[in-house]
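Chemist: Residue numbers (our numbering): 10 to 230. Beta carbons: idealized from backbone N, C-alpha and C, even for Gly. Note that the structure is predicted; figures quoted are calculated from it, not measured.
Okay, structure coming up:
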């Protein structure tokens, strides 16, 4: 069994590795965990002693096979809890993350397997992120940022990059949600903002910054 803090560090290292490559720096971990670099160094030594990470001072950090397994299990629990809260307890998608941050540390594999079965084995969480299966395998979508698509392309919204409550609430107000059809009607040359039509009905303008935080896949894919 690992402490909550150890699990959070392993999860943070895994996510940083996804975004920035195989090795992550102490400073990037400190920023991700909102803590001081000295505190990170102390924890990295503990994780290294437990063979959960590969760590040498000034050389960056990678997860060991053992550490990656723990990280994927925490991510699996987190995303299943998000789905459970959304689908069965009627929480909104901007409310589930903080609760799942607490629930993910419940140490019961049987409970998680029952939740997975109860939800009919979902592949993706409420934000479009893949849910690792019981063996740690992940089904990836071939999604791209909305900002990378061209005028007149018709897409399906598959996820978000920004999971903050403020951004998710903005999407709600704009009438955007996972699974919705998005057609890019125009791309404004001046600021790269987009005019889009949602589900063949509502036409709105979104900024380039918003488009960079929405994931989508071509409808024909």
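CB-CB under 6 Å to residue 5, same chain, minus the five flanking residues each way: which ones, in chain order?
Modeler: The structure shown does not extend to residue 5, since the chain is modelled only from 10 to 230, so the question has no answer here.
Chemist: Taking the straight line between their C-alpha atoms, what separation do you get for residue 52 and residue 111?
Modeler: Distance between the alpha carbons of residue 52 and residue 111 is about 20 Å.
Chemist: Report the CB separation of residue 31 from residue 89 in whole angstroms; it is logged as a contact under 8 Å.
Modeler: Not a contact, Cβ separation roughly 27 Å.
Chemist: Could you have a look at residue 202 and say whether DSSP puts it in helix, strand or coil?
Modeler: Residue 202 falls in the coil class under three-state DSSP.
Chemist: Any idea what DSSP makes of residue 78, helix, strand or coil?
Modeler: If DSSP states are grouped into helix, strand and coil, residue 78 belongs with the helices.
Chemist: So, under 8 Å CB-CB, residue 160 and residue 193 are touching, yes? Tell me the CB distance rounded to an integer number of Å.
Modeler: At roughly 5 Å, the Cβ-Cβ gap stays under 8 Å, so residue 160 and residue 193 are in contact.
Chemist: Do residue 23 and residue 109 have their CB atoms nearer than 7 Å?
Modeler: Cβ atoms of residue 23 and residue 109: not closer than 7 Å.
Chemist: Excluding five sequence neighbours on each side, which residues of the same chain lie with their C-beta closer than 6 Å to the C-beta of residue 57?
Modeler: These residues qualify, in order along the chain: 64.
Chemist: Does DSSP put residue 222 in a helix, a strand or coil?
Modeler: Reduced to three states, the DSSP call for residue 222 is coil.
Chemist: Within its chain, find whatever has a CB closer than 8 Å to the CB of residue 132; leave out the 5 residues flanking it on each side and keep chain order.
Modeler: Counting only Cβ-Cβ distances below 8 Å, and skipping sequence neighbours, we find 139, 140, 148.
Chemist: Output the distance between the C-alpha atoms of residue 184 and residue 135, rounded to the nearest integer angstrom.
Modeler: The alpha-carbon atoms of residue 184 and residue 135 are separated by roughly 16 Å.
Chemist: Roughly how far, in whole angstroms, is the beta-carbon of residue 121 from the beta-carbon of residue 16, given that I think they are within contact range, below 8 Å?
Modeler: Not a contact, Cβ separation roughly 14 Å.
Chemist: Pick helix, strand or coil for residue 52, following the three-state DSSP scheme.
Modeler: Helix.
Chemist: Helix, strand or coil for residue 170? Go by DSSP, reduced to three states.
Modeler: Coil, per DSSP.
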